[in-house]
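*Asks:* If you scroll down you'll find the structure; I have some questions about it.
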């Protein structure tokens with residue numbers, strides 16, 4: 026069962042998680058995924074400052090960080106720019122990547 030879950034998670038181009046959630050924080054999710062050898066890139070989003078978050082952990086807390094903005098349009102642009110950076114640094118450009126923001130943003134966009 027774990028191998029199936031690992032294979033499924035490795036099929037995603039990127040995982041985006043909020044830092045602060047009710048039951049767990051995004052850094053611990055990333056730590057768990059990396060401990061299971063999940064190679065999917067991890068973007069952490071937060072309204073908190075990256076340096077402040079990083080002070081609390083001795084581990085690499087994420088592959089990429091995007092600070093939340095007051096206006097959704099600016100936040101979405103930042104996410105798109107982050108994904109553009111990722112695709113610029115990888116051999117396989119993401120084709121038809123679907124980005125889903127849930128809970129705080131409720132936004133779905135299809136990339137062509």
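Numbering (the working numbering), first residue to last: 26 to 137. We put the beta carbon where it would ideally sit given N, CA and C, even for glycine. Everything numeric in this text was worked out from a predicted model, so none of it was measured.
1. If we count the other Cβ atoms within 10 Å of its Cβ and call it buried at 16 or more, is residue 62 buried or exposed?
2. Between the C-alpha atoms of residue 40 and residue 99, what's the straight-line distance to the nearest angstrom?
3. Please name the residue or residues paired with residue 50 in a DSSP beta bridge.
4. Excluding the five sequence neighbours on either side, which residues of its own chain have a C-beta within less than 8 Å of the C-beta of residue 74, listed in chain order?
5. Helix or strand or just coil, what does DSSP make of residue 95?
*Replies:* Taking the definition as stated:
1. exposed
2. One C-alpha to the other measures close to 20 Å.
3. DSSP lists 45 as partners of residue 50.
4. 92
5. Under the three-state reduction of DSSP, residue 95 is assigned to coil, being neither helix nor strand.
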